[in-house]
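Note sheet for the following structure.
There are 2 protein chains.
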Amino acid sequence: MRLKLTIAYDGRSYEGWQSQVGNNTVQDHIKEALALTAKEPIALQGSGRTDAGVHALAQTAHFDAPEHLTMNPYNWVPALNTKLPATIRILSCEEVAPDFHARFSAVAKVYRYDLCTDPVLSPFKAGLAWHVPRLLDADVFQEALQVFTGRHDFQGFAANRGNETPETDWHRTITAAELEALPDGYRVTWCGDGFMYKMVRLMTGAAVHAAQGRIRMDDLRKLLDQPAGLPHGKSPLCAPSDGLYLQEVRYIS
Amino acid sequence: MRLKLTIAYDGRSYEGWQSQVGNNTVQDHIKEALALTAKEPIALQGSGRTDAGVHALAQTAHFDAPEHLTMNPYNWVPALNTKLPATIRILSCEEVAPDFHARFSAVAKVYRYDLCTDPVLSPFKAGLAWHVPRLLDADVFQEALQVFTGRHDFQGFAANRGNETPETDWHRTITAAELEALPDGYRVTWCGDGFMYKMVRLMTGAAVHAAQGRIRMDDLRKLLDQPAGLPHGKSPLCAPSDGLYLQEVRYIS
């Protein structure tokens, strides 16, 4: 039986989603809880990576429950949560079609990015929002975010993972970049058919720089139109991981 | 010049307010930041202790700025915050009368206690709310909280610190115990002229036990009326530190 997990995590304690040496990743912790429950190793496929320090409100993943386990899907929720750190929580577990794939069946993703503009960042927001106390023009912010909507070659707003080839397709479609005022700052909600490495952080950071008058709107548009030799992972435009949340992975159902 | 600090902290990372061996207390961190700023040790008097894991939205403390330092009081805020961990924040610094005392001038305190009743505790609430998924009757909860309002001998709802004497006065006045429904649980706001060690956690825990039908209202009243040999720090009625926040220290001004 193929099962789909919906998972929330506070990324401050982890080296991102993807399994790696040291095992302090969200995927490693969940695989350990799965193995403890099933008494055998179980492969776990996520919808995609999140970087160190990035949070998730509803990451998704799938796995195949061993034949001999006749647990009701819902019972995996407490079975796993009791074995996981409190900053990783399984929110739901449901049966899906045998050909469902957490990554390849996804048709859209939603990320949110939280900014705090208060002079002092609350100690309860440390690592959970980007602290931007410098004055920010909301109208310019809104205008800058809209530069990214639509279908574009986003090579200038993606960092390399090292496995890119000349055939790598850098095109993505951003269907929405919504700006919401919060009592202590702003929330940007990004919807798109897919996001490359650091893409949300590079777009959000660039829009914030525009809203602070540190980059002109024309130059921002040029950055997107002329992808060669443009800001990547180490770019000063890149927003920190603190305020970034994977909010939803959408499937056709 | 005597200065009053207002301080917020996420208690998860600290061994409470009060200085102790190991120095991982909020008071120790602020004293270190004061000494680095003033280039000499400075005594720091808080309004009172908070236990390990307890949070503060507005703890208060006072200190005397050395004569040679002619800083504007407000400038202490960034001077200290740049030297403090991000989970301790100085919210304000203001000049007060030379006879102001953070502890002895206080006339009232407000604590808040957050409960989460969702089946799964959000990873962003771990250590920040008491997870109470078991069914809870809000009317009984409200009734149980009111048992504590007014002036009482609270010896049955205070833990010993070891420095108590036969002359210790166990009387306190609770002026309000307000219950508020949150989207994912409840918030109790306690106002009083003073609170003894673990008193808020013992009262909140007892009221929750009543709301869950695990202790009868009559027995709860008896516990308060008959203070001898009653639940103390190790009581099963004691709520965890997770959901407790020092919200306000009131002064006559």
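Note that the protein sequences, when read in sequence, are chains V and P.
Just so you know, we're using my numbering here: the first sequence kicks off at 1386 and counts up by one.
Just so you know, we're using my numbering here: the second sequence kicks off at 1386 and counts up by one.
Glycine included, C-beta positions come from ideal geometry on N, C-alpha and C.
{"Asked": "List the endpoints of the continuous alpha helix (DSSP H) containing V:PHE1533.", "Found": "Unbroken run through V:PHE1533: none, as it is neither H nor E."}
{"Asked": "Which word fits P:LEU1520, buried or exposed, when buried means at least 16 other C-beta atoms lie within 10 angstroms of its C-beta?", "Found": "exposed"}
{"Asked": "Spell out a yes or no on whether the stretch 1409-1424 of chain P and the stretch 1546-1556 of chain V are touching, meaning 3 or more CB-CB pairs, one atom from each, closer than 8 angstroms.", "Found": "no"}
{"Asked": "In chain order, which beta strand (DSSP E) runs of at least 3 residues are fully inside the stretch 1527-1590 of chain P?", "Found": "1535-1538, 1556-1567, 1570-1577"}
{"Asked": "Let me know the alpha helix (DSSP H) ranges lying completely inside the stretch 1386-1473 of chain V, each 4 residues or longer, listed in chain order.", "Found": "1411-1423, 1461-1466"}
{"Asked": "Using alpha carbons as the reference points, say which of P:VAL1411, P:GLU1565, P:MET1588 lies closest to P:ASP1524.", "Found": "P:GLU1565"}
{"Asked": "Does the distance from the CB of P:ARG1488 to the CB of P:GLY1433 come in under 8 angstroms?", "Found": "yes"}
{"Asked": "Return the residue from the list P:HIS1594, P:ALA1591, P:LEU1388 that minimises the CA-CA distance to P:ASN1460.", "Found": "P:LEU1388"}
{"Asked": "If I measure Cβ to Cβ from P:LEU1421 and keep anything under 7 angstroms in the same chain, skipping five residues before and after, which residues do I get?", "Found": "LYS1468"}
{"Asked": "Indicate whether P:ILE1473 and V:PRO1463 have their beta-carbon atoms separated by less than 8 angstroms.", "Found": "no"}
{"Asked": "For V:ARG1497, does the three-state DSSP call read helix, strand or coil?", "Found": "strand"}
{"Asked": "For chain V, is any of its Cβ atoms less than 8 angstroms away from the one on P:ILE1415?", "Found": "no"}
{"Asked": "Are P:GLY1570 and P:LEU1631 closer than 8 angstroms when you measure CB to CB?", "Found": "no"}
{"Asked": "Might you give, ordered along the chain, the residues of its own chain that have their beta carbon closer than 8 angstroms to the beta carbon of P:GLN1430, omitting 5 neighbours on each side?", "Found": "ALA1446, HIS1447, PHE1448, HIS1486, ALA1487, ARG1488"}
{"Asked": "Could you check how far apart the C-beta atoms of V:THR1455 and V:GLN1444 are, in whole angstroms? I think they sit under 8 angstroms.", "Found": "About 27 angstroms; that fails the 8 angstroms criterion."}
{"Asked": "Mind listing the chain V neighbours of P:ASP1395? Cutoff is C-beta to C-beta under 8 angstroms, in chain order.", "Found": "PRO1508, PHE1509, ALA1511"}
{"Asked": "Quick one: grab the DSSP three-state call for P:SER1620.", "Found": "coil"}
{"Asked": "Find the nearest neighbour of P:GLN1597 within the set P:ALA1561, P:GLY1628, P:THR1502, P:ASN1545, judged by alpha-carbon distance.", "Found": "P:THR1502"}
{"Asked": "With H, G and I counted as helix, E and B as strand and the rest as coil, what does DSSP make of P:ARG1599?", "Found": "coil"}
{"Asked": "At least one CB of chain P closer than 8 angstroms to the CB of V:ASN1466: is that the case?", "Found": "yes"}
{"Asked": "Are the Cβ atoms of P:VAL1439 and P:GLY1407 separated by less than 8 angstroms?", "Found": "no"}
{"Asked": "Check the Cβ of P:LEU1476 against every Cβ in chain V and list those closer than 8 angstroms, keeping chain order.", "Found": "VAL1505"}
{"Asked": "So, is V:GLY1547 buried or exposed, given that buried needs 16 or more other C-beta atoms within 10 angstroms?", "Found": "exposed"}
{"Asked": "If we ignore side chains and look at the alpha-carbon of each, how far apart do V:CYS1623 and V:GLN1611 end up?", "Found": "18 angstroms"}
{"Asked": "Would you decide whether V:ARG1606 is buried or exposed? Buried here means 16 or more other CB atoms lie within 10 Å of its CB.", "Found": "exposed"}
{"Asked": "Exposed or buried, what is P:PRO1395 when buried is set at 16 or more other beta-carbons lying within 10 Å of its beta-carbon?", "Found": "Going by the sequence as given, residue 1395 of chain P is Asp instead of Pro. Buried is the call here."}
{"Asked": "Check the Cβ of V:ILE1473 against every Cβ in chain P and list those closer than 7 angstroms, keeping chain order.", "Found": "PRO1508"}
{"Asked": "Mark P:GLU1452 as exposed unless 16 or more other C-beta atoms lie within 10 angstroms of its C-beta, in which case mark it buried.", "Found": "exposed"}
{"Asked": "Return the first residue and the last residue of the beta strand (DSSP E) that P:ARG1635 is part of.", "Found": "1629-1636"}
{"Asked": "Among the candidates V:ARG1572, V:ASP1603, V:GLN1403, whose CA atom is the shortest distance from the CA of V:VAL1338?", "Found": "The structure shown has nothing for residue 1338 of chain V, since chain V only spans 1386 to 1638."}
{"Asked": "For P:ILE1559, I'd like the list of residues in its chain whose CB is within less than 6 angstroms of its CB, leaving aside the five on either flank, ordered along the chain.", "Found": "PHE1533, THR1534, GLY1577"}
{"Asked": "Closest by CA to P:GLY1356, which one among P:ASP1604, P:TRP1575, P:MET1602, P:GLN1405?", "Found": "Beyond the ends of chain P as shown, which are 1386 and 1638, falls residue 1356 of chain P; an answer cannot be given."}
{"Asked": "Looking at the structure shown, is V:HIS1594 part of a helix, part of a strand, or coil, going by DSSP?", "Found": "helix"}
{"Asked": "Are the beta-carbon atoms belonging to V:LEU1442 and V:ALA1393 less than 8 angstroms from one another?", "Found": "yes"}
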